[in-house]
Amino acid sequence: MTEIAPDLILFLFAAAFLAGFIDSIAGGGGLIAIPALLLAGLPPLETLGTAKLQALFGSGSAAYAYRRKGYVEFKSVFPMSCLSFVGAVFGALLAIVLPVEFLEGGLTLLLVVIAVYFAVKPDAGAIDRQRRLSFTVFGATFIPAIAFYDGLFGPGAGSFYMLAFVSLAGFNMLKATAHTKVVNFASNVGGLLVFLVSGAILWKVGFIMGVGQICGSLLGSRLAIKRGAKIIRPLLVVTCIAMALNLLRNQDSPVYRWLGMG
Numbered sequence: 000m001t002e003i004a005p006d007l008i009l010f011l012f013a014a015a016f017l018a019g020f021i022d023s024i025a026g027g028g029g030l031i032a033i034p035a036l037l038l039a040g041l042p043p044l045e046t047l048g049t050a051k052l053q054a055l056f057g058s059g060s061a062a063y064a065y066r067r068k069g070y071v072e073f074k075s076v077f078p079m080s081c082l083s084f085v086g087a088v089f090g091a092l093l094a095i096v097l098p099v100e101f102l103e104g105g106l107t108l109l110l111v112v113i114a115v116y117f118a119v120k121p122d123a124g125a126i127d128r129q130r131r132l133s134f135t136v137f138g139a140t141f142i143p144a145i146a147f148y149d150g151l152f153g154p155g156a157g158s159f160y161m162l163a164f165v166s167l168a169g170f171n172m173l174k175a176t177a178h179t180k181v182v183n184f185a186s187n188v189g190g191l192l193v194f195l196v197s198g199a200i201l202w203k204v205g206f207i208m209g210v211g212q213i214c215g216s217l218l219g220s221r222l223a224i225k226r227g228a229k230i231i232r233p234l235l236v237v238t239c240i241a242m243a244l245n246l247l248r249n250q251d252s253p254v255y256r257w258l259g260m261g
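Sequence positions in the sequence shown follow numbering that gives the first Met the number 0 and run 0 to 261.
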């Protein structure tokens, strides 16, 4: 089992705090936590497993904070959470046997689409809107599909949940953020169980980062509840652009090949 040098623990704690803060508001914390774990020297599979453990603390504490303030419709989101759990299990099972590098190109483009959507539609998510899909159809299709991706790879899943809740379920930004944390918690649990069975988790590192996640998530969710869409929308746009640019730093990104630049 890979060990982490003591001088890297503080770095990972700080990375988890920042990841939890951003993820509780706009999603995308995985693209902070996962590179930090890789930088600390973890192999890819242990990175994904340990990232799931620490993310569980962040999504769980944020979901609790939003639920306590009354922003979660538990009866509606519970069936979605069950399907999110199942979707993540299948995604994580595939992650164990399949290289995930091919996801980077599609992830980059999706993040840009999300950023553009919320940037050019200033009223997106400001208030509840007409649902484009019933809860049943929405929860049975888009939620497990995003959860499958969350179990397989993860980074950006929170932003995808957010976009789906706003554009398809008709939720306002704050309500979408609250429900995103609940289904994201379920997909984190599903993915974690698979990585647990495979033994791909560094428990000490995961728990230390989990404390950072809790601190960051509680601070972020409190800020989101206080400021609503005024803080969620711009941070979501900035986070998605930052994540896309971070992925494009890799000269081997499929995007360059698709554009004929590779």
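The beta-carbon is built from N, C-alpha and C at its ideal position, and this holds for glycine as well.
Contact belief for residue i with residue j at Cβ below 8 Å, rounded distance in angstroms
i	j	result
residue 52	residue 209	7 Å
residue 157	residue 28	7 Å
residue 49	residue 204	6 Å
residue 94	residue 57	The Cβ separation is near 20 Å, so there is no contact.
residue 240	residue 60	Actually they do not touch by this definition, with Cβ atoms about 26 Å apart.
residue 35	residue 11	6 Å
residue 91	residue 190	4 Å
residue 211	residue 13	7 Å
residue 175	residue 188	Incorrect: roughly 21 Å between the Cβ atoms, too far for contact.
Assigned exposure category for residue i - 16 Cβ within 10 Å defines buried
i	result
residue 40	exposed
residue 180	buried
residue 55	buried
residue 184	buried
residue 206	exposed
residue 135	exposed
residue 294	What the structure shows of the chain is the stretch from 0 to 261, and residue 294 is not part of that stretch, so it cannot be assessed.
residue 126	With a pLDDT of 47 at residue 126, under the threshold of 50, the modelled position of that residue is not reliable, and the figure given next carries that caveat. The residue in question, residue 126, is exposed, as its Cβ has fewer than 16 Cβ neighbours within 10 Å.
residue 74	exposed
DSSP three-state assignment for residue i, whether helix, strand or coil
i	result
residue 71	coil
residue 226	helix
residue 131	coil
residue 126	Only weak support is given to the placement of residue 126: the predicted model assigns it a pLDDT of 47, under 50, and the question is left unresolved by the model.
### Query
In chain order, which alpha helix (DSSP H) runs of at least 4 residues are fully inside the region 3 to 57?
5 to 24 and 29 to 38
### Task
Spell out a yes or no on whether the region 144 to 160 and the region 71 to 91 are touching, meaning 3 or more CB-CB pairs, one atom from each, closer than 8 Å.
In short, these stretches touch, since the Cβ pair count reaches three.
### Query
Touch check for the region 15 to 26 and the region 193 to 204: three-plus C-beta pairs under 8 Å?
no
### Query
Should the region 86 to 96 be called in touch with the region 59 to 78, which here means at least 3 C-beta pairs below 8 Å?
no
### Task
With a floor of 4 residues, list each alpha helix (DSSP H) that falls wholly inside the region 145 to 209, ordered by position along the chain.
156 to 166 and 172 to 197
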